[in-house]
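Residue numbers 162 to 651, in the numbering used here, belong to the letters of the sequence shown in order. Where a beta carbon is used, it is the ideal one built from N, C-alpha and C, also for glycine.
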Amino acid sequence: MYDEIGLGALYAVAVTRDGRQVTAAGRDGRVWLLDVANRQARILGTREFGRIHALAFSPDGRHLATGEWLNRVGVWDVGSGEREFALEGLSDAVFGLAFSPDGKELAAASQDDSASIWNVAERRRIAVLTSHRGPVYSIVYSPDSAILATGGEDHTVRLWTPKTSVSAPEPSSPWSGADLSPDRSLLAVAGRDGTMRLWNTRRRTWQTIRISDHPVRAVAFSHDGTLVAAGDGHGTITVWRTSDPRQAVNRWQAHLQPVTSLAFRPGDRQTIATASEDHTAMLWQLTGRTGMLQQRLTGHKDGVFRVLFLNKATVVTGSLDNTARIWRASDGRELRKLTEHEDTVFGLAFSKQGMLATASRDHTIKLWDPRTGRRLRTLAGHTGPVTSAAFNGPGTQLVSTGRDNTVRAGDPRTGRLLRTLTGHTGRVRAAAFLKDDGPVVSVSEDGTVRWWSLDVDGVLDDRTCKAVEGVDKAIWKRLLPDVPYAPGCS
């Protein structure tokens, strides 16, 4: 027995997969490594890293992770006993650690109410999970790495799909808008701090572009993804090539009041529509290093919040005057006015199947046939203003965002609510499908970008189902409020 070794008060213990080594650590900050076969003990490092609350061996037993009171995760070489590096970014102590089964990722549960995931080889934090409403104390991967489970002081266990249900870790001021490139490899985010940030969805890296001393209000990609445009609070439009966003290729003063929305014409990267608080929308031709006005769309009685091309010939706008209007692009003629909303139209979306969605401050989304102006149905459920809407490719799902801090997914064909996604702590401004069946990416004023899985059945696959079999209905509802009660495994 090792009870003769003066280990002191212990807070954490871990064992290698082969059972040959045991590690223990605690209040005094020393990390003990115990060899089971020869009954020898040695100390890794010193006490300088503060008390240790969590320990985890890598799957091959060659590395040891330590969760430290000083808001860091230390990674040690077990053979040499040297501390190789530390993983930073947390704002409070670490209470739980877990390596993914392949050893490529390391997840940590923290007292700062979050869990973080790092790429071990790159020593880079790739995800932050922030839905818990209190310190997170425990964390574990499923054997195939498909699910990460966290448990916290808020009395909940949360199940995550690490590749999709994450928030991007780049700190930011509140974000006011976003657009996803056509190939879904880049997410452009408009920042109130005068920046545009480009998030590479495949490499999970950020690039920050300083644009203006004014808040950036709108961003948009061209149909081929080669150009990205941004509009700011001074009424200025700036355009870059996505291959080299460090140097603007076009810049001009488009409006005398803030630009609120942008859209490139389908199949035409040289024509861009802009909307503004000055009650107008405009169509511009990119020429030289500026933009040439082609058409002015006038008729709204208040600021225009959104602009969208339905096709090459038709434009739709949403306004503070509670209307959405459909225009002919060639001459700026108003073709149709949609008037059933009771408050501002904040968001617009158009499906490949020809359905138009309008999202409003009146807490509803209305679906229309834009050819006739006939309302098809109204979707309710948000408890605050609805800020945006987006269809998936087949038109079978619609996601919406709101000032109630939620993302909601529904079936536009029936109006049935499919999922309510909670976790953002600020107003959610935009969302988009990364794939036709999910995941969904959302952007919020809380300064985070989050990835969500919409696969309800996938939340409880066979392995997870077996883990929760026998849970009664009350506990199920508390842990998985958006999943139908089905505790048994078939």
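CB-CB under 8 angstroms to residue i, same chain, minus the five flanking residues each way: which ones, in chain order?
i              : result
aspartate 385  : Pro343 and Arg430
threonine 372  : Per the sequence shown, the amino acid found at residue 372 is isoleucine instead of threonine. Hits under 8 angstroms: Gly355, Thr356, Met357, Ala391, Asp393 and Thr399.
glutamine 182  : Val176, Leu194, Leu195, Asp196, Val197, Phe218, Gly222 and Val239
threonine 432  : Phe425, Arg426, Leu444, Trp445, Gln446, Leu447 and Gln455
threonine 441  : His416, Arg457, Leu458, Thr459, His461 and Val465
tryptophan 488 : Ala442, Leu458, Thr475, Val476, Val477, Thr478, Arg494, Glu495 and Leu496
arginine 535   : Trp529
threonine 387  : Arg402, Thr403, Ser404 and Arg430
When you compare each of the options to residue i by their alpha carbons, which one comes out closest?
i             : options                           : result
valine 255    : Ser277, Thr609 and Pro546         : Ser277
tyrosine 172  : Ala592, His585 and Arg212         : Arg212
leucine 444   : Glu438, Ala310 and Phe470         : Phe470
glycine 312   : Thr322, Gly464, Ala217 and Pro296 : Pro296
glutamate 283 : Thr539, Gly264 and Ala270         : Gly264
arginine 497  : Gln408, Leu528 and Arg486         : Arg486
leucine 309   : Arg353, Asp315, His316 and Pro262 : Pro262
threonine 656 : Gly428, Gly449 and Thr459         : The question about residue 656 has no answer, for the chain in this structure spans 162 to 651.
glycine 228   : Ala269, Thr441 and Leu509         : Ala269
leucine 216   : Thr478, Gly187 and Ser404         : Gly187
glycine 508   : Glu495, Arg494, Leu528 and Gly493 : Leu528
leucine 447   : Arg426, Asp305, His461 and His316 : Arg426
serine 491    : Arg457, Val239 and Leu341         : Arg457
glutamine 272 : Val281, Leu290 and Glu266         : Leu290
serine 422    : Arg294, Ala185, Ser480 and Arg577 : Ser480
threonine 369 : Arg611, Phe382 and Leu348         : Leu348
arginine 244  : Ile204, Val604 and Trp612         : Ile204
arginine 577  : Val281, Met453 and Ile526         : Ile526
leucine 499   : Pro531, Thr184 and Lys513         : Pro531
alanine 592   : Leu341, Ala185 and His316         : Leu341
aspartate 463 : Gly449, Ser437 and Lys473         : Ser437
serine 404    : Leu359, Arg378 and Gln201         : Leu359
glycine 242   : Thr184, Phe382, Glu266 and Leu267 : Thr184
arginine 364  : His316, Ala288 and Gly449         : Ala288
I'd like to know whether the C-beta atoms of residue i and residue j end up nearer to each other than 8 angstroms.
i             : j             : result
histidine 524 : histidine 543 : yes
threonine 484 : valine 506    : yes
arginine 407  : threonine 451 : no
glycine 222   : valine 197    : no
valine 410    : valine 380    : no
leucine 225   : valine 234    : no
serine 346    : threonine 362 : yes
tyrosine 298  : glutamate 314 : yes
aspartate 274 : histidine 293 : yes
valine 568    : leucine 579   : no
Skipping 5 residues on each side, what residues in its chain have a beta carbon closer than 6 angstroms to that of residue i?
i                 : result
aspartate 607     : His585, Thr586 and Gly587
arginine 286      : Gly250, Ser277, Trp279 and Pro330
tryptophan 230    : Gly211, Arg212 and Ala254
aspartate 374     : Gly355
glycine 428       : His384
valine 604        : Trp336, Ala339, Val350, Arg590, Ala591 and Val610
aspartate 482     : His461, Lys462 and Asp463
glutamate 266     : Ile278
phenylalanine 382 : Asp340, Ser342 and Val389
Assuming residue i and residue j make a contact with CB atoms under 8 angstroms, what is their CB distance in whole Å?
i             : j              : result
leucine 251   : isoleucine 300 : Leucine 251 to isoleucine 300, Cβ: 13 angstroms. No contact.
threonine 594 : asparagine 566 : A small fix is needed here, since residue 594 is phenylalanine in this sequence, not threonine. With 8 angstroms as the limit, phenylalanine 594 and asparagine 566 do not qualify as a contact, their Cβ atoms being about 20 angstroms apart.
arginine 467  : threonine 478  : 7 angstroms
glutamine 455 : aspartate 439  : Glutamine 455 to aspartate 439, Cβ: 17 angstroms. No contact.
threonine 557 : valine 589     : Not confirmed; about 22 angstroms, so no contact.
arginine 191  : proline 220    : Wrong, their Cβ atoms sit about 25 angstroms apart, outside the cutoff.
At a threshold of 7 angstroms, does residue i count as lining the ligand FAD (C-beta to nearest heavy atom)?
i             : result
aspartate 385 : Annotation note on the ligand FAD: not contained in the displayed structure, which lists no ligands.
Are the C-beta of residue i and some C-beta of chain B separated by less than 8 angstroms?
i             : result
threonine 533 : As a matter of chain content, chain B is missing from the structure shown, which is built from one protein chain.
Whose C-beta lies closer than 7 angstroms to the C-beta of residue i among residues of the same chain, with five residues either side of it excluded?
i                 : result
phenylalanine 511 : Leu469, Leu471 and Leu517
proline 555       : Asp597
phenylalanine 246 : Val236 and Arg284
asparagine 232    : Leu251, Ser252, Asp253 and Ala254
arginine 522      : Asp504, Thr505, Phe507 and Pro546
glutamine 414     : Gly396 and Thr397
arginine 378      : Ser337, Gly338, Ala351, Gly392, Asp393, Gly394, Pro419, Val420 and Thr421
lysine 513        : Gly554 and Gly556
Touch test, the stretch 386-402 against the stretch 313-320, Cβ-Cβ under 8 angstroms, three pairs minimum
Too few Cβ pairs lie closer than 8 angstroms, so no.
Count the C-beta pairs between the stretch 550-561 and the stretch 511-527 that are closer than 8 angstroms, then say yes if the count reaches three, no if not.
In short, these stretches touch, since the Cβ pair count reaches three.
Evaluate the contact criterion for the stretch 571-585 versus the stretch 529-543: three or more CB pairs, one atom per stretch, below 8 angstroms.
The stretch 571-585 vs the stretch 529-543: in contact.
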